[in-house]
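Heads up, the thing below is written out as structure tokens.
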Amino acid sequence: DAKTTQPPSMDCAEGRAANLPCNHSTISGNEYVYWYRQIHSQGPQYIIHGLKNNETNEMASLIITEDRKSSTLILPHATLRDTAVYYCIVRPMFSGGYNKLIFGAGTRLAVHP
Amino acid sequence: DAMVIQNPRYQVTQFGKPVTLSCSQTLNHNVMYWYQQKSSQAPKLLFHYYDKDFNNEADTPDNFQSRRPNTSFCFLDIRSPGLGDAAMYLCATSRDWDRVDEQYFGPGTRLTVT
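So, in structure tokens, the structure goes:
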């Protein structure tokens with residue numbers, strides 16, 4: 001599975017957009033980009049995923065570069081409740097039999113007033 | 001309307017004393033997973049069940065076992081807990097195993113070993 005690189009920490013002001021980058025330069029054609037987040041003392045929560053097109057849902061937007069070697073998760077109007085560790089995960093479309101997530105170190109996002 | 005439930009949220013056990021953590025789901029998902037998350041680290045998959053089929057990760061210690069008596073419930077048994085097994089244990093589910101499906105996580109059980 002492709003590896004991902006994320007900055008260890010980021011800050012964002014409440015109400016502003018939070019843009020979280022992820023590098024996945026070794027991604028292959030059948031691998032999806034997933035984003036999860038983990039709020040302190042809770043289980044991880046699915047946010048969004050994409051293959052090559054940009055995606056948007058009620059939580060966030062995912063922008064994937066044309067060469068697919070990097071992506072950005074955008075929280076358009078960050079709130080204090082968005083303070084969490086954000087994980088970017090790459091996994092193949094058909095993972096040989098099971099839906100396996102390999103978590104990296106993630107980015108610790110702190111949203112401040 | 002909790003979907004993945006873990007009990008208890010906090011568990012204290014003694015060194016070497018067997019302990020069982022439980023997970024239940026109301027989603028009727030085929031796959032259930034157990035992850036271990038040590039302090040300040042990312043979650044790490046221990047094993048998963050696809051229906052009744054058990055799948056162990058290669059580096060999961062033999063000290064960790066699991067049972068899934070029915071679709072809704074899954075248990076994590078630690079036969080002889082050591083101090084290094086203190087961690088948050090997360091249960092997760094997904095609808096299937098060969099689809100691009102998100103996983104739904106429970107709140108976790110924090111295990112302390114004294």
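Taken in sequence, the protein lines are chains A and B. As numbered in my numbering, residues 1 to 113 make up the first sequence, in order. As numbered in my numbering, residues 1 to 114 make up the second sequence, in order. Beta carbons are placed, not taken as given, at the ideal position from N, Cα and C, and that holds for glycine. For clarity, every value in this text was computed on a predicted model and none was experimentally measured.
Quiz item: So, is R37 (chain A) buried or exposed, given that buried needs 16 or more other C-beta atoms within 10 angstroms?
Solution: buried
Quiz item: From what residue to what residue does the beta strand (DSSP E) around D11 (chain A) run?
Solution: 9–13
Exercise. Kindly indicate which three-state DSSP category L62 (chain A) falls into: helix, strand or coil?
Key: strand
Quiz prompt | Euclidean distance between Cα positions of L62 (chain A) and G16 (chain B) | solution = 46 Å
Exercise. Could you have a look at G50 (chain A) and say whether DSSP puts it in helix, strand or coil?
Key: Strand at G50 (chain A).
Self-check item: Rounded Cβ spacing between D77 (chain B) and R67 (chain B) (contact assumed at less than 8 Å)
Solution: 7 Å
Quiz item: Nearest-angstrom Cα distance between K44 (chain B) and T20 (chain B)?
Solution: 19 Å
Quiz item: Quick one: what does DSSP say D101 (chain B) is sitting in, helix, strand or coil?
Solution: Look at D101 (chain B) here: in three-state DSSP terms it is coil, with no helix or strand label.
Practice problem: Using a cut-off of 8 Å between C-beta atoms, extract the partners of P76 (chain A) located in chain B. | Solution: Going along chain B, no residue has its Cβ under 8 Å from P76 (chain A), so there is no contact; the nearest lies around 21 Å.
Quiz item: Applying the criterion that 16 or more other CB atoms from any shown protein chain within 10 Å of the CB defines a buried residue, is D82 (chain A) buried or exposed?
Solution: buried
Exercise. For the beta strand (DSSP E) holding I27 (chain A), just list the boundary residues, first then last.
Key: Where I27 (chain A) is concerned, there is no enclosing beta strand (DSSP E), given that its DSSP letter is neither H nor E.
Exercise. Verify the CB distance criterion: does Q103 (chain B) have a CB-CB separation below 8 Å to chain A?
Key: The beta carbon of Q103 (chain B) falls within 8 Å of a beta carbon belonging to chain A, placing the residue at that interface.
Quiz item: R108 (chain A) lies in the beta strand (DSSP E); which residues open and close that run?
Solution: 107–112
Quiz item: What residues from the stretch 5–31 of chain A come within 7 Å of chain B, judged by C-beta to C-beta, listed N to C?
Solution: none
Practice problem: Using 7 Å as the cut-off, classify the Cβ of W97 (chain B) as near or not near the heavy atoms of the ligand ZN, replying yes or no. | Solution: The ligand ZN is not part of the structure shown, which contains no ligands of any sort.
Quiz item: When the cut-off is 8 Å and only beta carbons count, does N99 (chain A) lie next to chain B?
Solution: With respect to chain B, the C-beta atom of N99 (chain A) has a partner C-beta closer than 8 Å.
Quiz item: Below 8 Å between beta carbons: does that hold for Y89 (chain B) and Q36 (chain B)?
Solution: yes
Self-check item: Contained beta strand (DSSP E) runs [length at least 3] in the stretch 33–92 of chain B, N- to C-terminal order
Solution: 44–50, 53–56, 64–67, 73–78
Quiz item: What's the C-alpha gap between H112 (chain A) and A18 (chain A)?
Solution: 11 Å
Self-check item: Chain-ordered chain A contacts of L45 (chain B) [CB-CB under 9 Å]
Solution: Near L45 (chain B) (Cβ distances below 9 Å), the residues of chain A are K100, L101, I102, F103.
Quiz item: Relative to chain A, which residues along the stretch 31–45 of chain B have a C-beta separation below 7 Å, given in chain order?
Solution: V31, A42, P43, L45
Quiz item: Based on the DSSP output, what are the partners of R110 (chain B) in its beta bridges?
Solution: B:Y10, B:M88
Quiz item: Residues in the stretch 71–90 of chain B with C-beta within 7 Å of chain A's C-beta atoms, listed in sequence order?
Solution: L90
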